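Engineer: Pasting in a structure now, in structure tokens, and then I'll have a few things to ask.
Protein chains: 2
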Amino acid sequence: MVTIKQVAQLAGVSFKTVARVVNKEPGVKPHNVEKVEAAIEKLGYRPNKAASLVRKKQSDIIGFISDEISTTPASVAILKGAQDMAWEQGKTLMVFNLDPKHPNKDRLYEECLQHRSEGIIYGAMYHQSVEFSKLFKTLPTVLVNCVSMQNDFTSIVPDDELAGYYVTKQLLYKGYKRIAFLNLNPDIMAAQHRQKGFLKAMQEYGIPENQWRIDTIEQVIEGRTVNIAGEVAKQVIEEFKPDAVLCGKDLAAIKVYLVIERLGLTVGQDIAVASFDNWHDIPEILEPKLSTMALPYYEMGRLAVSQVLQLIANKNTVYPVTHHKVPCLLFDRASF
Amino acid sequence: MVTIKQVAQLAGVSFKTVARVVNKEPGVKPHNVEKVEAAIEKLGYRPNKAASLVRKKQSDIIGFISDEISTTPASVAILKGAQDMAWEQGKTLMVFNLDPKHPNKDRLYEECLQHRSEGIIYGAMYHQSVEFSKLFKTLPTVLVNCVSMQNDFTSIVPDDELAGYYVTKQLLYKGYKRIAFLNLNPDIMAAQHRQKGFLKAMQEYGIPENQWRIDTIEQVIEGRTVNIAGEVAKQVIEEFKPDAVLCGKDLAAIKVYLVIERLGLTVGQDIAVASFDNWHDIPEILEPKLSTMALPYYEMGRLAVSQVLQLIANKNTVYPVTHHKVPCLLFDRASF
DNA sequence: TAACTTTTTGACAACGTTGCCCATTATATA
DNA sequence: TATATAATGGGCAACGTTGTCAAAAAGTTA
């Protein structure tokens, strides 16, 4: 690779002058700027970021450690948001994926440290509570889509309670009276928060207890969660005869659609369907198009970077902890 | 950050000895190894990869530039595969996403060059033909899920023709006789190759032309492709009365399922459905479970890294070009 | 033209490593 | 015990940058 000195030689100036041109420092005669630029062009010179880091002690790198996040399509958007924001701020993201077989967060953190990452973002696949070693205190660290057990890290999560509350209120507002909530596995935080919001809306509207029900569409069998949305939906719809079904995820809403069709009913007419996720093309593919609460992954990714940059800027040894709940947006389509 | 010299001072040895311990070079007395390791532990020392790169001129970094790939869930697997393989080979992947608004591949390539990336992987969202500037000749470069206009880069793509051929043959083998192929937009390479495979199988089985038909489920209107799978499926099924439908993508298969149900028919019994993608949970969510040709994204990602490493090892200035078609796997479930 | 100011340039050290080579010490051999 | 050999340790230059500072060149004023 060509170095700054080779450029200098070709341009007939000192390498320091080349450095000035490269870094757009003022005080170089236009005449010399031209010569240097020509030499750079001719040799195809690129500044060596590593050398620059060694001297400047500034890497402009942010580590992004993900709990399998980048394999799960729903939350790929977090990564995209983070990357976009990082790029805008002149930082580059260094992405590491946890190996699902041997998940070793610390190992990846070490990697980031060796690259002199300025801060760390840890992203989880779904809204949950995670435990971290003290190693994670080394750098400014922000959690996305999860919180730490001890609540001792800045975190960014979707506002699931508000989402549950809001979508339920919308259903009630539109006149639906018998709502079945097919919730996710109650062990996960999202499910708990949404349920809280759901109940709050019910209470606010004074809906009696026999006019709604909550079931779970996921079963944990030997550590693996299995989706039983189909069976549950069938049973709930036949027994409880809801006029609206609120579904924990778009993927499960597909099953709900199929069940409703198979019963000879029509989604949106006989039974309203609402959901959570806004999972890529699915809501648009379904007929009628699915109205769903969009999880704000992209914005969370952006916010994560801006928060971590704030922590970096704040030159304390102990990083202030803040918690952020990002509101979800209802994509109001045609299913209710 | 603590440096090797500080460790040396604490351990009471020269910094060179510390370096030996850190890099596991032989020839350090166990006694000193212990002292050094204690000092490293106590100070929390991490070697500085940037400094190492400057000296060794070896970054162990591979640049991964993606055409929006990481936002599209289907091909996130490419990234995952690449990352896994890179990790196994002691390399780290530096991921960059093309900005869909101002897609500037060269800009990202520059970034990789500045980080002294040893090679580049360019991944596309869907199997297509892409044009590259001469800049891309700078480093060993491998294309995934696309080929270059001039065919002058090593490329890795799914074997769409074989996939089309294979799945069609399976349908014919199982006794289906009237097959409707609801193909993707014919402008994209995947659609063309699959169609070739489809026709080859038809010919091989001597199926007369009036016993199959091919329609397209995507329409390009003003640059935007719109999915018309629902309408097309309805029309084709009603008019042509196929006993099997081969669908260009799992997402569209959802629509086909809904259409079939709505006509009072049963998928797998009255009409078989097959598809391409194996798009995450969708095939498993559908009822009956969707049999689909899995696009081998994960393997393609792995292969990309291993190819780029091969190019790197091969110390030529002009990199040999090879083309790889990765076979697709049929996930044989219940829809045919 | 001289004296002074301002602009432009270059010399050199430093950043944290690794590679090379020589010095010292310990061990084996005569 | 003297000598040869192997094991161990350290000194120092080099990698490609940036930062500091002083030198040189150019411009300004009297």
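Just so you know, the sequences run in chain order A and B.
Terminal number for the first sequence in our numbering: 336, no gaps in between.
Terminal number for the second sequence in our numbering: 1336, no gaps in between.
Backbone N, C-alpha and C define an ideal beta-carbon position, used for all residues, glycine too.
Every value quoted in this text rests on a predicted model; they were computed, and no experiment measured them.
1) His102 (chain A) to Glu68 (chain A), Cα distance in whole Å?
2) Beta-carbon of Asn1278 (chain B) versus every beta-carbon of chain A: anything under 8 Å?
3) Between the beta-carbon of Asp250 (chain A) and the beta-carbon of Pro208 (chain A), is there less than 8 Å?
4) Assuming Met85 (chain A) and Val305 (chain A) make a contact with CB atoms under 8 Å, what is their CB distance in whole Å?
5) Run through chain B and tell me which residues come within less than 9 Å of Gly230 (chain A), C-beta to C-beta.
6) Would DSSP call Cys1146 (chain B) helix, strand or coil?
7) For Ile214 (chain A), which option in A:Tyr122, A:Phe181, A:Ala51, A:Ala201 has the closest C-alpha, if you only look at C-alpha atoms?
8) Go through its chain and collect everything with a Cβ distance to Leu1162 (chain B)'s Cβ below 8 Å, but skip five positions before and after it.
9) Taking the C-alpha atoms as reference points, what is the distance between Lys1080 (chain B) and Arg1302 (chain B)?
10) Taking 7 Å as the cut-off, does the CB of Asn97 (chain A) come closer than this to any heavy atom belonging to the ligand FMN?
11) Return the residue from the list B:Gln1006, B:Tyr1109, B:Cys1247, B:Lys1289 that minimises the CA-CA distance to Ile1217 (chain B).
12) Which residues in chain B have a C-beta closer than 8 Å to the C-beta of Met1 (chain A)? List them in chain order.
13) Under 8 Å between beta-carbons, which chain A residues line up against Tyr1257 (chain B)? List them in chain order, please.
14) Distance check for Ile237 (chain A) and Ile254 (chain A), CA to CA, integer angstroms please.
15) Using 10 angstroms around the beta-carbon of Tyr173 (chain A), count the other beta-carbons present and answer buried if the total reaches 16, otherwise exposed.
16) Give me the DSSP bridge partner(s) of Gln128 (chain A).
17) So for His323 (chain A), helix, strand or coil by DSSP?
18) So what does DSSP say about Thr1168 (chain B), is it helix, strand or coil?
19) Report yes or no: do three or more beta-carbon pairs, one from the region 268–279 of chain A and one from the region 90–106 of chain A, lie closer than 8 Å?
20) Should Lys1177 (chain B) and Gln1211 (chain B) be called a contact, given that it needs their Cβ atoms to be closer than 8 Å?
21) What residue range is occupied by the uninterrupted beta strand (DSSP E) comprising Leu1329 (chain B)?
22) When you compare the CB of Asn97 (chain A) with every CB in chain B, is at least one pair closer than 8 Å?
23) Going by other Cβ atoms of all chains shown within 10 Å of its Cβ, with 16 needed for buried, is Gly1119 (chain B) buried or exposed?
24) Tell me, please, which residues DSSP counts as bridged to Asn183 (chain A).
25) What three-state label does DSSP hand Asn1210 (chain B) in the structure shown?
26) Would you say Asp1281 (chain B) faces chain A, with C-beta separation under 8 Å as the test?
27) Just the chain B side, please: which residues come within less than 7 Å of Glu261 (chain A) by C-beta, in chain order?
28) Note down, in chain order, all residues in the region 1229–1254 of chain B with a beta-carbon under 7 Å from any beta-carbon belonging to chain A.
29) Given that Leu53 (chain A) touches chain B, what residues does it touch there, using C-beta distances under 7 Å?
30) Quick one: list the residues of chain B neighbouring Asn23 (chain A), beta-carbon separation under 7 Å, in chain order.
31) Contact defined as beta carbons within less than 8 Å: I believe Thr1292 (chain B) pairs with Asn1278 (chain B). What is the distance between those atoms, to the nearest angstrom?
32) So Phe1015 (chain B) is in the alpha helix (DSSP H); what residue range does that whole segment cover?
33) Pull the bridge partners of Thr266 (chain A) from the DSSP assignment, please.
34) Output the boundary residues of the beta strand (DSSP E) element that contains Tyr224 (chain A).
35) Just mark Ala244 (chain A) as buried or exposed, buried being the case when its beta carbon has 16 or more other beta carbons within 10 Å.
36) Chain B beta carbons: is any one of them nearer than 8 Å to that of Asn183 (chain A)?
Structural biologist: If we stick to the structure as given:
1) 12 Å
2) no
3) no
4) The C-beta distance from Met85 (chain A) to Val305 (chain A) rounds to 4 Å, short enough to fall under 8 Å.
5) Ile1285, Glu1287
6) strand
7) A:Phe181
8) Gly1197, Lys1325, Pro1327, Cys1328
9) For Lys1080 (chain B) and Arg1302 (chain B), the gap between their C-alpha atoms comes out near 8 Å.
10) Of the ligands one can find in the structure shown there are none, so the ligand FMN has no counterpart to examine.
11) Among B:Gln1006, B:Tyr1109, B:Cys1247, B:Lys1289, the Cα nearest to that of Ile1217 (chain B) belongs to B:Cys1247.
12) Under the 8 Å cutoff, chain B gives Lys1057, Arg1116.
13) Leu258
14) 15 Å
15) exposed
16) A:Cys146, per the DSSP bridge assignment.
17) Correct three-state label for His323 (chain A): strand.
18) Helix, per DSSP.
19) no
20) yes
21) The continuous beta strand (DSSP E) containing Leu1329 (chain B) extends over residues 1329–1331.
22) With 8 Å as the cut-off, Asn97 (chain A) counts as an interface residue toward chain B.
23) buried
24) Asn183 (chain A) has A:Thr216 as its beta-bridge partners, per DSSP.
25) DSSP places Asn1210 (chain B) in helix when its eight states are reduced to three.
26) yes
27) Leu1258, Glu1261, Arg1262
28) Residues Gly1230, Leu1251, Ile1254.
29) Within chain B, Ala1050 have C-beta atoms less than 7 Å from the C-beta of Leu53 (chain A), given in sequence order.
30) Result: empty, since nearest Cβ-Cβ is about 13 Å, beyond 7 Å.
31) 5 Å
32) 1015–1022
33) Partner(s): none; Thr266 (chain A) has no beta bridge.
34) In the sequence on display, residue 224 (chain A) carries Arg and not Tyr. 224–227 is the span of the beta strand (DSSP E), which, as asked, contains Arg224 (chain A).
35) buried
36) No, Asn183 (chain A) does not count as interfacial toward chain B.
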